[in-house]
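Residue numbers (our numbering), protein chains in the order written: chain A, 2 to 430; chain B, 802 to 1304.
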Amino acid sequence: MPELVPDMNPLALPGAPPSAAATPPGTVPSPDVGPSGVADAGATGGADEGANGVASAVTNEATSGVARTARRVPLASRRFTVEIRQQLAWHWQALILAIAILAGMAISAAILIAAGIAPKDLLNEFVMQTFFDKQNFEAVLFQAAPMIMIGLGASIAFRARFWNLGLEGQMIFGAIAATAISLYEIGPETTRLPLMFAAAASAGLLWALGPALLKLRLSVNEIISTLMLNYLASNFLLHLVYGAWKDTKDNFPHSPQFRAFERLPDVFAGLSSAIPLALFVALLAWWFVDISRAGLYLRFVNANPRMADAVGVPVRKMTLTAVLVSGALAGVAGFVVAAGQEGRLTQSFYTGYGFSGILIAFLARNNPLAASVVAILIAGLFVTGRSLQVFYQIPFSMVQLIQAIIVICVACSDFFIRHRLRPVVGRGA
Amino acid sequence: MPVALELTGIRKTFDGFVALDDASFAAHWGQVHALLGENGAGKSSLMNIAAGLYAPEAGRMMVDDNPVRLAGPSDAAKHRIGMVHQHFKLVRPFTVAENILLGNPLSHVDGGFRAKLRQMETAIRAMAAELGFEIDPLKRTALLSVAEQQRVEILKVLLAGANILILDEPTAVLTDAESERLLSTVQQLARRGSAVILVTHKMADVKTYADQVTVMRGGRTIKTVDPKQTPAAELVRLTVGEAVTTPKRGTGTPGEVRLAIRDLKSAGSGRQALAGVSLEVRAGEIYGLAGVGGNGQSELANAIMGLPGALEGEMRLEGLGDLKAASTSARREMHIATIPADRYGVALSGALSVAENFGIGQVHTGRYGSAWRLASSTMEADAKAAVASFDVQGVRSIRQKAALLSGGNAQKLVIAREFSKQPKLVLAHSPSRGLDVRASAEVHARLLAARDAGAAVLLISEDLDEVMSLADRIGVMARGRIVAEFGQPAERQAIGQAMVDHA
């Protein structure tokens, strides 16, 4: 739009007394208002209103006796304004979210079809094979177990407004601690696995403690501190697997294989105990944020820390607790990968988990139960991605592309949850 | 006088709540037109429609008898409608000139950003001189007082060429003297030909400065009258629908000293917000602290609430010792009730439910379940009972967001929470700011009731009328100190003098 105030002189005082009822000197004609002004009042009824898409104004305008000709409101002036929405019922929010996810899937499907997958195979591969084939679904759940934990870890830290980007570092130290227990054969065989679990949780917690204290005591930005500590952790991991902990059997850069009793057993054939463990932890997290008193405190910290402090919420204590729980969960995720999937400490087992965790927390709006569901869906995407790689030569980066598309769609849907669009009604320009 | 702006049959709903229904009004060139009504009467909504922020669902808007449809504030600016909002829309790190340039980019002026900025600076100086404002266009907005920020807002809309000027509750944040100055300035603008619309709930402003007044109630325009010809009582009756009784102060029965503050100072060097405050508040009395805003009142309130800020000096609560070292939760245990000035900043969380906002006050006592399990149903039942007994209106569900409450009702929710346990000390900071006649009267009645029940009440307010009508003793705060104290009956003149003398 061109600047419509050509005669504006910033020095001039506004509004010299208007000469007549018509257009005072200061008033600038709008492009859509004809010179006729109200001259044709009452000329036409509301017949043209519908065509202009301002149906709600019809009755009012028809009765008010003022009307205009159709030519003065071209189609292009069917405008919308954006308003802030104050509250939206949860089922509408769910519907908007569902539409966003569907839109993301539709775009992803179009891309996959363009990459050469037949549309009928798409449904088969993504839905039928992944979620309705027993063996594949077990694989999905197996993949989902550490993702659930990492997603929960992210959710809980984010609830305290602590942007823990160090989930991978905490996960690495969890796995290292668990491996140390195995390597140095600490404790009897029967308690070895629980000991590894505890060591992993504590190591993740301790690795998160530093940034938490830095933030609370010295206001050091946790985004930077947690992110940078990831590099420390990953290089320390390389130092171990290329050095002291290198497997002497095959000389590859990974730790020696865990013994059978140091690995997460199957509950029954095909179903690793990592899965019930993850679901149990998810329930605990749900209890923590939704049932316990700490959960209420966390909601206040999340909404407005200053206000929370003023009404007596122990803000610092809650933040510290949430960060430590987050670190411990990430540590346990490292344990699940090492003792459940790999059976040893490998050099790059953690890649992508940090990003996935943040993504899961975002999609689930930091809700633990939703995070578990989202983690399973993302794991499904990973498992399908692997089979696409094998059977269709589709690169694995396609999976990341799909992830990104869905996340962007959901992020965009937020706009419709927070705002409403309204057609501009009323008379004239 | 010809009609400048006319709104007819405006309807607007928010998620099913009817904010405006068949609202109509017309402002004339050369006049100050007041829009009078209680909180939630729909004044601001109607003016937001006139300023292009909301689109009406039905109705017609005319500027100079030309029908207009606005798709946003920039559309409104094209029709020379400018609005000064109650909550200022300024970028704090920007200078005055940058802020004004932002809203009015001088696209018809040749030259780069620097040239435009310089031209804007000259324009601001000229316009400010015309209006009698003292404004340095190069000063950063964050450093300006509230009154100065408001002047920047007014300059902004005037420099954008507005000659239909809408002011939303402009005097809510100003002192008596500042209000007088502002309102006579806008009256002058009207005399020069502009149309000024004054949204307010202050009867006195309407009587003195308005040429016309339209009374709104419950989203409808009730009546347009000439304020000079209409008695104030009649205006009040039109506004509230019935007579409001102002609470009687009566005489307090002061007991022992409850709160003792000795030589309280902000720590550190440089300009100190608190420069040695000493005061005592006794049980069963209201101590009113008057003074022009920005003289350390907020810092004192924060110190008593326990918000962060380094302090020196002494602050003791009878029987409980040092208050300075106590955490916010410990203060709650001491039965200190606080009604802060910044309602959504430190008193309520708009994003959380009414029940949660109520329950947070007592959840630590175990009343709403153990640490292991929150008893949400008990909390909701208690909140429901409190909402009913404190007459918090507009609560459609106890689980709705607190942000949906209007100012007066949000304040009542704060009081309901804070008074849910018998308070020993009440700190009320500008408790009726932004509240209408009826809600203010209710808040005042609650404070008096707390006093009569034996609480020590510290009332900090910039509204001298409020302090005069409620307090048993009055202190005047200036430059971070108590500069004078008065017993009742106090002389208004003398209090005002004390404020000015030490400013």
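For each residue, glycine too, the CB sits at the ideal point set by N, CA and C.
The model shown is predicted, which means the values in this text are computed figures rather than measured ones.
- Inter-residue spacing [alpha-carbon to alpha-carbon] between Gln1025 (chain B) and Ala1033 (chain B): Going by the sequence as given, residue 1025 (chain B) is Thr instead of Gln. If I take the Cα positions, the gap works out to 14 Å.
- Segments of 4+ residues assigned as alpha helix (DSSP H) that fall wholly inside the region 1108-1181 of chain B: 1129-1134, 1155-1160
- Query: chain A partners of Tyr855 (chain B), CB-CB under 7 Å?
  - Reply: Glu84
- Own chain, CB closer than 8 Å to Lys794 (chain B), minus 5 neighbours either side, in chain order: This structure cannot speak to residue 794 (chain B), because chain B is shown only from 802 to 1304.
- Does DSSP classify Ala1034 (chain B) as helix, strand or coil? helix
- Query: How many angstroms separate the CA atom of Asn1096 (chain B) from the CA atom of Gly1281 (chain B)?
  - Reply: 5 Å
- Query: Quick one, are the C-beta atoms of Leu1060 (chain B) and Val1082 (chain B) less than 8 Å apart?
  - Reply: yes
- DSSP state of Gly904 (chain B) mapped onto helix, strand, coil: helix
- Message: Does any residue of chain B have a CB that is nearer than 8 Å to the CB of Arg419 (chain A)?
- Response: no
- Task: For Ala1148 (chain B), return the contacting residues in chain A, with the cut-off set at a CB-CB distance below 8 Å.
- Result: Met308, Ala311, Val312
- Indicate whether at least one CB of chain B lies closer than 8 Å to the CB of Gly46 (chain A). Confidence at Gly46 (chain A) is low in this model, with a pLDDT of 36, below 50, so the placement of that residue is unreliable and no value is reported for it.
- Taking C-beta pairs closer than 8 Å, name the residues in chain B that Phe301 (chain A) reaches, listed in chain order. Ser1150, Leu1153, Glu1157, Ile1161
- Using a Cβ cut-off of 8 Å, pull out every chain B residue sitting near Ala295 (chain A), in sequence order please. Ala1172
- Query: Between the region 959-974 of chain B and the region 873-884 of chain B, do at least 3 Cβ pairs fall closer than 8 Å?
  - Reply: yes
- Query: Is Gly1288 (chain B) helix, strand or coil when you go by DSSP?
  - Reply: strand
- Within 10 angstroms of its Cβ, does Ala1074 (chain B) collect 16 or more other Cβ (buried), or is it exposed? buried
- Task: Can you tell me the Cβ-Cβ gap for Arg317 (chain A) and Leu219 (chain A), rounded? I've got them flagged as a contact below 8 Å.
- Result: Not really, about 13 Å apart at Cβ, beyond 8 Å.
- Measure the alpha-carbon distance for Ala202 (chain A) versus Ala234 (chain A) and round it to whole angstroms. 15 Å
- Task: Give every residue of the same chain whose Cβ lies closer than 6 Å to the Cβ of Lys957 (chain B), excluding the five residues on either side of it in the sequence, and list them in chain order.
- Result: Ile901, Gly904
- Task: Grab me the residues of Ala1203 (chain B)'s own chain with a C-beta within less than 6 Å of its C-beta, minus the 5 sequence neighbours each way, in chain order.
- Result: Leu1149, Gly1151, Val1155, Asn1158
- N-terminal and C-terminal residue of the beta strand (DSSP E) that Val268 (chain A) is part of: 267-269
- Item | Straight-line gap, Asp1264 (chain B) to Arg893 (chain B) (C-alpha atoms, nearest Å) | 26 Å
- Tell me whether the beta-carbon of Pro1048 (chain B) lies closer than 8 Å to the beta-carbon of Ile1137 (chain B). no
- Who are the neighbours of Pro315 (chain A) on chain B, taking C-beta pairs under 7 Å? Ser1130
- Message: For Asn305 (chain A), would you say it is in contact with chain E, using Cβ-to-Cβ distances shorter than 8 Å as the test?
- Response: Of the chains in the structure shown, none is chain E; the protein chains are A and B.
- Query: So Ala842 (chain B) and Arg1018 (chain B) are in contact, right, with Cβ under 8 Å, and what is the actual spacing, rounded?
  - Reply: 5 Å
- With burial defined as no fewer than 16 other Cβ atoms inside 10 Å of the residue's Cβ, what is the status of Gly1288 (chain B): buried or exposed? exposed
- Item | Per-residue DSSP class, three states only, for His909 (chain B) | coil
- Task: Please report the Cβ distance between Ala101 (chain A) and Ser414 (chain A), rounded to the nearest whole angstrom; I am assuming they are in contact, meaning their Cβ atoms lie under 8 Å.
- Result: 3 Å
- Query: Any idea what DSSP makes of Thr249 (chain A), helix, strand or coil?
  - Reply: coil
- Item | Proximal chain A residues relative to Gln1201 (chain B), where beta-carbon distance stays under 8 Å | Gln88
- Checking contacts by CB at 8 Å: is Met884 (chain B) closer than that to chain A? no
- Could you tell me which of A:Leu364, A:Val391, A:Phe392 sits nearest to Ile379 (chain A), measuring between CA atoms? A:Leu364
- Task: Assess, as a yes-or-no matter, whether the region 127-144 of chain A is touched by the region 370-388 of chain A under the definition of 3 or more beta carbon pairs within less than 8 Å.
- Result: yes
- Query: What three-state label does DSSP hand Phe826 (chain B) in the structure shown?
  - Reply: strand
- Task: For the region 917-985 of chain B, list the alpha helix (DSSP H) runs that are entirely contained and at least 4 residues long, ordered along the chain.
- Result: 947-960
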